[in-house]
Amino acid sequence: MSDWWKKSVVYQVYPRSFCDSNGDGVGDLRGIIGKLDYIKTLGADVIWLNPIYASPNDDNGSDISDYYAIMPAFGTMAELDELLREAPARGLHILMDLVVNHTSDEHPWFKESRKSKDNPYRDFYIWREGKGTLPPNNWWSYFGGSAWQKCDETGEYYLHVFSRKQPDLNWENPAVRQEVYRIMRFWLDKGVDGFRMDVINYISKVPGLPDGPLMPNGLGDFGPGCINGPRIHEFLQEMNREVLSHYDVMTVGEMPGVSPEQACRYASVEGNELNMVFQFQHMELDFDERYSKWTLLPTPLDALRRNLSTWQTALHGKGWNSLYWNNHDQPRIVSRMGDDSTDALRTASAKMLGTLLHMMQGTPYVYEGEELGMTNVPFTSVEQYRDIDALNGYRELTIIHGLPHEEAFARVNGHSRDNARTPMQWDDSPNAGFTAGEPWIMMNPNYTTIHAAAQINDPDSVFSYYRQLIGLRKQYDIITEGDYEQLLENSKHFFAYRRHRNGQTLTVLCGFNRETIADDEVAPYCTGTQLLCNCSESSSGCWQPFETRVYLSQE
Ligand code: NOJ
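Everything in the sequence shown is counted per this note's numbering, starting at 95 for the first residue and increasing by one.
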């Protein structure tokens with residue numbers, strides 16, 4: 095098997111919000127086909143599509159009711175086949191999302207399973223008796239309330255770590271695993287180039303499903319009972335043996351709660367499980383002790399530097415990581431760790447953050463709109479949210495934690511997934527050229543100035559800069575292969591590092607300064623050939639806000 099995915103850059107498409115070809119307000123496959131040249135121009139070579147299968151959309155497609163059918167709002171199987179011809183014709187690979195920790199409660203397996211205790215599909219899911227009037231254990235569900243739902247048909251409860259409409263599959267049952275492998279073969283035989291696997295390290299549960307430690311919301315954490323469970327490596331190795339090892343494809347495991355040491359097993363160089371992990375530690379450094387992701391705190395630079403550097407060092411030569419700032423579950427990075435208060439700061443910080451990430455070892459992911467420096471959304475009311483997570487978050491903060499509306503709303507606004515899910519901003523025509531109809535979620539009003547049409551041919555745009563970053567990865571093996579040395583580990587302003595390979599050194603200097611500062615700390619490292627800089631005027635003695643530079647030197 096080749097490891098083409100090491101030198102690749104993934105572009106993540108959230109189909110619902112990418113491009114709507116038929117005016118129903120929802121993005122679709124034909125819209126994506128029409129934008130393949132745009133992705134090609136950027137230089138990415140893999141497209142990860144968020145789930146496009148049939149789904150009642152309780153969680154925007156992560157609740158699948160038929161793994162062999164396309165969601166009608168997104169198009170038809172014939173259109174997917176067209177995409178699978180058009181993408182490779184441009185050298186683009188297609189990754190499908192594989193959501194198999196759970197299905198929709200409207201999946202035929204679950205409809206059968208709930209009917210009776212002796213139904214042949216009963217063991218496809220995790221059913222337990224309650225404890226008196228209480229659920230079988232104290233686990234919370236990620237989208238609020240208990241992780242257990244009682245069913246009238248038998249009086250038993252089923253487990254759902256996510257919403258009530260996302261019952262967890264029982265991976266202990268070999269028949270479930272065989273069905274999953276069948277689904278995988280179906281798509282691989284069709285020509286997809288791999289899978290992004292949704293919360294794949296949740297599939298093995300601890301036997302006995304023990305209560306979890308109490309959380310501030312009064313429920314127990316399901317983490318210790320569900321995450322990185324006892325049979326997880328066995329299941330992934332079986333999946334690899336039975337399916338993946340027969341295809342030259344790319345796999346990435348979404349794995350909340352994974353450490354660098356565990357990642358080296360899941361995505362080891364021996365390659366008997368997955369190709370890479372998609373981990374979350376750097377996305378959780380700003381979490382609030384009480385309100386977790388609904389935080390108002392900034393990400394501390396020293397924690398970020400320590401964390402990303404640890405991952406770089408720990409995986410080098412042993413495992414493989416994904417590099418990302420954004421996806422459909424995260425607020426926009428330029429608003430979170432950069433500065434979107436003026437156009438100049440937004441542009442400079444978007445480029446700096448892109449540099450920091452793309453010069454590291456791993457496979458970079460660019461989430462739609464990130465390459466334009468798209469920002470968080472100024473939501474003004476809860477009614478504008480569409481995401482089950484934002485709506486539940488607001489409810490929990492106000493009802494369980496008793497926060498006043500203003501504070502709860504500010505917390506959810508800052509971190510809601512809807513920040514990343516407003517439509518792609520193509521141009522300054524009505525609804526940013528995303529749809530001729532009414533978009534399913536509000537537009538970010540800043541689309542009149544932040545949009546692709548303004549950036550594609552502007553050499554100073556975030557888009558052009560991302561294109562350069564991606565180009566450098568293709569050109570210099572040191573970026574893919576070099577080892578990692580952290581610099582200036584106590585700096586208050588800089589995240590700086592070096593990569594080394596075969597006598598070459600790549601030096602990456604990233605300023606997190608919002609104002610101009612003296613450059614004494616980094617000046618000694620500014621040697622070699624400058625490959626990249628995000629500031630138009632090179633200034634001597636000072637470092638512009640969010641300035642970043644990359645140098646290459648030969649011993
Ligand atoms: C992780 C996905 O990225 C997220 O969008 C989804 O809500 C949950 N898994 C449940 O499938």
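Ideal Cβ positions, reconstructed from N, Cα and C, are used throughout, including at glycine. Because the structure is a prediction, the values reported are computed rather than measured.
Whose C-beta lies closer than 7 Å to the C-beta of Val616 among residues of the same chain, with five residues either side of it excluded? Position 522 of the sequence shown, counted from the first residue, corresponds to residue 616. Correct list, in chain order: Phe588, Ala590, Leu603 and Trp637.
Distance between Asn295 and Glu490 (C-alpha atoms, nearest Å): Indexing the sequence shown from 1 puts residue 490 at position 396. Indexing the sequence shown from 1 puts residue 295 at position 201. Each residue's Cα considered, the two are about 26 Å apart.
Say the cut is 7 Å; is the CB of Glu378 nearer than that to a heavy atom of the ligand SAH? In terms of ligand content, the structure shown lacks the ligand SAH and carries the ligand NOJ instead.
Name the DSSP beta bridge partners of Met344, please? Position 250 of the sequence shown, counting from 1, holds the residue named residue 344. Met344 is bridged to Gly288.
DSSP-derived helix/strand/coil call for Pro458: The residue given as residue 458 occupies position 364 in the sequence shown. In the structure shown, Pro458 sits in a strand (DSSP, three-state: E or B).
In angstroms, rounded to a whole number, what distance separates the CA positions of Met453 and Ala148? Position 359 of the sequence shown, counting from 1, holds the residue named residue 453. Position 54 of the sequence shown, counting from 1, holds the residue named residue 148. Going by the C-alpha atoms only, they are around 38 Å apart.
Is it buried or exposed, Lys299, if we count other Cβ atoms within 10 angstroms and call 16 or more buried? Looking up residue 299 in the sequence shown gives position 205. The Cβ neighbour count for Lys299, taken over all protein chains shown within 10 Å, is at least 16; the residue is labelled buried.
Using 10 angstroms around the beta-carbon of Asn596, count the other beta-carbons present and answer buried if the total reaches 16, otherwise exposed. Taking the sequence shown and counting its residues from 1, one reaches residue 596 at position 502. Asn596 is classed as exposed because its beta carbon has fewer than 16 other beta carbons within 10 Å across all chains shown.
Where do the N-terminal and C-terminal ends of the alpha helix (DSSP H) with Met190 fall, by residue? Along the sequence shown, read from residue 1 onward, the residue named residue 190 stands at position 96. Taken as a continuous stretch (DSSP letters only), Met190 belongs to no alpha helix (DSSP H), being part of the beta strand (DSSP E) at His187 to Leu192.
Mind checking if Phe112 is an interface residue toward chain D, Cβ cutoff 8 Å exclusive? Absent here is chain D; the protein component of the structure consists of one chain.
Return the Cβ separation of Met309 and Trp388 in integer angstroms, given the expectation that the two are a contact with Cβ distance under 8 Å. In the sequence shown, the residue the question calls residue 309 occupies position 215. In the sequence shown, the residue the question calls residue 388 occupies position 294. With 8 Å as the limit, Met309 and Trp388 do not qualify as a contact, their Cβ atoms being about 13 Å apart.
Quick check on DSSP: helix, strand or coil for Thr599? One-based indexing of the sequence shown puts residue 599 at position 505. Here Thr599 sits in strand by DSSP.
Whole angstroms is fine: what's the gap from Met291's alpha carbon to Arg258's? Along the sequence shown, read from residue 1 onward, the residue named residue 291 stands at position 197. Along the sequence shown, read from residue 1 onward, the residue named residue 258 stands at position 164. Each residue's Cα considered, the two are about 21 Å apart.
Classify Gly432 as buried or exposed, calling it buried when 16 or more other Cβ atoms lie within 10 Å of its own Cβ. Position 338 of the sequence shown, counted from the first residue, corresponds to residue 432. Result: buried.
Asp153 CB to nearest heavy atom of the ligand NOJ below 7 Å: By one-based count along the sequence shown, residue 153 stands at place 59. With a cut-off of 7 Å, the C-beta of Asp153 is classified as near the ligand NOJ, since at least one heavy atom of the ligand falls inside that distance.
Relative to the ligand NOJ, is the shortest distance from any of its heavy atoms to the C-beta of His410 smaller than 7 Å? Translated into positions along the sequence shown, residue 410 becomes position 316. Every heavy atom of the ligand NOJ is 7 Å or more from the Cβ of His410, so no.
Is any non-hydrogen atom of the ligand NOJ found closer than 7 Å to the C-beta of Phe374, if you look at the structure I gave you? Mapped onto the sequence shown, residue 374 falls at position 280. Phe374: no, Cβ never under 7 Å from the ligand NOJ.
Helix, strand or coil for Trp242? Go by DSSP, reduced to three states. For the purposes of this step, residue 242 is identified with residue 148 of the sequence shown, where counting begins at 1. It is a strand residue.
With contact counted as at least three CB pairs below 8 Å, one residue from each stretch, are the segment 356-367 and the segment 279-290 in contact? At 8 Å Cβ cutoff, the stretches do not touch.
Does the Cβ of Glu348 lie closer than 7 Å to at least one heavy atom of the ligand NOJ? In the sequence shown, counting from the first residue as 1, residue 348 sits at position 254. The answer is yes for Glu348.
I need the DSSP call for Phe386, collapsed to helix, strand or coil. Working through the sequence shown from its first residue, we reach residue 386 at position 292. Strictly speaking, residue 386 in this sequence is Ser, with Phe absent from that position. Shown here, Ser386 sits in a strand according to DSSP, grouped into three states.
Looking only at C-alpha atoms, which of Gly224, Tyr236, Gly238 and Gln260 sits nearest to Asp246? Against the sequence shown, residue 246 aligns to sequence position 152. The shortest CA-to-CA distance from Asp246 to any of Gly224, Tyr236, Gly238 and Gln260 is the one to Gly224.
For Thr623, which of Asp614, Tyr645, Arg608 and Gly605 has the nearest alpha-carbon? Taking the first residue of the sequence shown as 1, we reach residue 623 at position 529. Selected option, being the one with the closest Cα: Tyr645.
Could you check whether the Cβ of Phe256 sits closer than 7 Å to any heavy atom belonging to the ligand NOJ? One-based indexing of the sequence shown puts residue 256 at position 162. For Phe256, the Cβ falls inside the 7 Å cut-off from some heavy atom of the ligand NOJ.
Member of Ser240, Pro304 and Phe374 whose CA lies at the smallest distance from the CA of Gly319: Here residue 319 is taken as the residue at index 225 of the sequence shown, counted from 1. Among Ser240, Pro304 and Phe374, the Cα nearest to that of Gly319 belongs to Pro304.
Does the separation of the CB atoms of Ile158 and Ser198 fall below 8 Å? Within the sequence shown, residue 158 is the residue found at index 64, counting from 1. Within the sequence shown, residue 198 is the residue found at index 104, counting from 1. Contact: yes.
For a test of your reading of the model: does the CB of Val193 fall under 7 Å from any non-hydrogen atom of the ligand NOJ? Yes or no. Walking along the sequence shown from the start, residue 193 turns up at place 99. It does: the Cβ of Val193 is within 7 Å (strictly closer) of some heavy atom of the ligand NOJ.
Helix, strand or coil: which one does DSSP assign to Ile158? As a position in the sequence shown, residue 158 is number 64, starting the count at 1. Coil.
Cβ shell of Gly487 (< 6 Å), same chain only, five flanking positions each side left out: On the sequence shown, residue 487 is found 393 positions in, with the first residue counted as 1. For Gly487, where only same-chain residues beyond five positions count, the Cβ hits under 6 Å are Trp388 and Val506.
Using a threshold of 7 Å, is the CB atom of Asp262 nearer than that to any non-hydrogen atom of the ligand NOJ? Position 168 of the sequence shown, counted from the start, is the residue given in the question as residue 262. Between the ligand NOJ and Asp262, a heavy atom-to-CB distance of less than 7 Å is absent.
Please name the residue, chosen from Thr449, Ala397, Lys412 and Leu390, that lies closest to Tyr418 on a Cα-to-Cα basis. Along the sequence shown, read from residue 1 onward, the residue named residue 418 stands at position 324. Taking only the C-alpha atoms, the option nearest Tyr418 is Thr449.
With three or more C-beta pairs closer than 8 Å as the rule, is the segment 164-173 touching the segment 195-211? Contact between the segment 195-211 and the segment 164-173 is absent, because fewer than three Cβ pairs lie under 8 Å.
CA-to-CA distance, Gly155 to Trp534, given in whole angstroms: As a position in the sequence shown, residue 534 is number 440, starting the count at 1. As a position in the sequence shown, residue 155 is number 61, starting the count at 1. In this structure, the alpha-carbon of Trp534 lies about 14 Å from that of Gly155.
Going by alpha carbons, who is nearest to Phe329 out of Phe528, Gln580, Ser240 and Asn267? On the sequence shown, residue 329 is found 235 positions in, with the first residue counted as 1. Ranking Phe528, Gln580, Ser240 and Asn267 by Cα distance to Phe329 puts Asn267 first.
Glu583 (DSSP reduced to helix, strand or coil): Along the sequence shown, read from residue 1 onward, the residue named residue 583 stands at position 489. Glu583 falls in the coil class under three-state DSSP.
Where Gln638 falls: helix, strand or coil (DSSP): Here residue 638 is taken as the residue at index 544 of the sequence shown, counted from 1. If DSSP states are grouped into helix, strand and coil, Gln638 belongs with coil.
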